[in-house]
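Numbering (this note's numbering), first residue to last: 105 to 392.
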Ligand SMILES: Cc1cc2nc3c(=O)[nH]c(=O)nc-3n(C[C@H](O)[C@H](O)[C@H](O)COP(=O)(O)OP(=O)(O)OC[C@H]3O[C@@H](n4cnc5c(N)ncnc54)[C@H](O)[C@@H]3O)c2cc1C
């Protein structure tokens, strides 16, 4: 495995290197890229490390949005007081990634760009309506797209040749917003999810408004469950009350909104059923 390694000191320098070296690969925490290279699935002759390119950092924006720079490590995001106060469930989703050792190295941008459908942050970011920014040499303004448009297939994104993902922006959350992330992992604590569910919504007078549900590990990409969301409109949770039936029926719709595969974590049918169960649990925890 021999390649030319560059460590640019700025985003502009990194973009210029990509422009000059067609087929060059970007590297952030290297936790996924090195494995792909070892397996011979990726054979770059030029690698551009983003480690010193100044793309880290977490900040609150003037409109109340949260910005996470691409090379912020997953551990920094998990532990950030800013992320925790903005949305505790987002910090928890970062905290579900693998082990501390991996979280210390893997980055927020690398996680999104890797586009493994079993990863933890993407469903939470989808449910929160997050967007990413993509820079390219010669472009005056970055291209900003929703995370949903970034994740286009199994390990496949809409990042163009020469583009670098510079960070992710989570829009301000309306007052009363609640969010939760649940990860079903029956094997070991540090495993990828069998099924994961992120749920976001506002609770007004005991009723759920603007529910957004996204799932991981149940198809080629993390996915929004829009029919389930529509059926959850204004569901109220009253123990033993009539809306319990509506909630159960809404969660059952998720079975047909996903496309899981049979694998070592279970059959497709098992995952459909677990998606239903964990969607219902996630929504109940929003309302409790
Ligand atoms: C043993 C193990 C267990 C794991 N378990 C989990 C888990 O349970 N949940 C979970 O969510 N994740 C898990 N991960 C982490 C995850 O799957 C990826 O390895 C990690 O998030 C990739 O981040 P990175 O910064 O290391 O990216 P890298 O390995 O550096 O890069 C990954 C890909 O993204 C591209 N890339 C990176 N940064 C950018 C950028 N800024 N712009 C454009 N392209 C970019 C690279 O070119 C490469 O194609 C696990 C990893 C390991 C090794």
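Yeah, the Cβ is synthetic: ideal placement off N, Cα and C, and Gly gets one too.
Item	Value
Can we say the segment 216-231 touches the segment 314-325, given the rule of at least three CB pairs closer than 8 Å?	yes
Alpha carbons only, please: which of 272, 279, 111 and 303 is nearest the one belonging to residue 287?	303
Rounded to the nearest angstrom, how far is the Cβ of residue 121 from that of residue 110, given a contact under 8 Å?	5 Å
Looking at C-alpha atoms only, which residue of 268, 241, 282 and 324 is the closest neighbour of residue 256?	324
At 3 residues or longer, what runs of the beta strand (DSSP E) sit wholly inside the segment 254-310?	255-257, 267-274, 281-288 and 299-308
My output table needs one value for residue 186: the three-state DSSP class, helix, strand or coil.	helix
If contacts are defined as beta-carbon pairs under 8 Å, then residue 264 and residue 240 qualify, I think. What distance do you get, rounded to the angstrom?	7 Å
Give me, in chain order, the residues of the same chain whose beta-carbon lies closer than 6 Å to that of residue 137; leave out the 5 immediate sequence neighbours on both sides.	131
Where residue 262 and residue 254 are concerned, what is the direct C-alpha to C-alpha distance, given to the nearest angstrom?	5 Å
Note down, in chain order, each residue of its chain lying with its Cβ closer than 7 Å to the Cβ of residue 164, except the 5 sequence neighbours on either side.	170 and 186
By the 10 Å Cβ neighbour count, where 16 or more other Cβ atoms means buried, how is residue 204 classified, buried or exposed?	exposed
Where residue 369 and residue 244 are concerned, what is the direct C-alpha to C-alpha distance, given to the nearest angstrom?	45 Å
Looking at the unbroken alpha helix (DSSP H) that takes in residue 227, where does it start and where does it end?	225-231
Rounded to whole angstroms, how far is the Cβ of residue 315 from the Cβ of residue 333, which I believe are closer than 8 Å?	5 Å
Short check: CB of residue 271 to CB of residue 237, under 8 Å?	yes
What is the rounded straight-line gap between the Cα of residue 219 and the Cα of residue 340?	35 Å
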